[in-house]
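Here's the structure we're looking at; comments come further down.
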Amino acid sequence: MNDGLVKIVDPDAISDGTRFVMSEGVYYAPERFENFNRADRGNSSEKETMFSLGMSLLESAILDECFDCYNYESMKFQAKKLEERINRLTGLYSDEFIFVIGNLLELNATRRSSLLELKEVINKFWSKEE
């Protein structure tokens with residue numbers, strides 16, 4: 181693990197003053213990663229941040245970095261490698277935790293939870309326990 185490395189970051193904040201700079205060692209959402217150099221890529225979204233959070237939680241849960249999910253040569257996100265990492269959670273954590281991680285790491289950004297949606301999901305799990 182890279183001690184002191186920032187892994188959750190607003191990609192729009194990484195700039196050299198004239199252009200955006202991609203940094204290895206950051207958990208980008210797939211849609212941001214694969215379109216990073218496009219001029220019309222737009223600003224980062226809350227759902228991209230949620231994906232980054234999910235990657236950091238996954239790394240913490242499996243005690244292993246997930247940077248090999250990013251192919252910097254082809255600029256393609258490796259969904260199969262992500263799936264393998266998520267599958268490592270089975271038997272180690274509750275179904276609820278795995279569901280939350282899977283939700284944060286949803287590859288389709290429109291189906292990925294926002295912060296408020298995630299809060300609602302977590303509240304449902306807590307209310308079931310009471």
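In the numbering used here, the protein residues as written are 181 to 310.
Glycine included, C-beta positions come from ideal geometry on N, C-alpha and C.
All values derive from a computational prediction rather than experimental measurement.
Check	Outcome
Residues of its chain near M181, where Cβ-Cβ distance is below 7 angstroms and the 5 sequence neighbours each way are ignored	Caution is warranted here: a pLDDT of 43 is assigned to M181, below 50, making its placement in the model unreliable, and the coordinate value is therefore given only provisionally. Excluding positions up to five away in sequence, the list reads E245.
Alpha-carbon to alpha-carbon, G271 and R212	31 angstroms
G317: first and last residue of the uninterrupted alpha helix (DSSP H) it sits in	Given that the chain is displayed from residue 181 to residue 310, the structure contains no residue 317 and the question cannot be resolved.
N267: first and last residue of the uninterrupted alpha helix (DSSP H) it sits in	A259 to N267
Closest by C-alpha distance to S236, when choosing among Q258, A209, K260 and F257	A209
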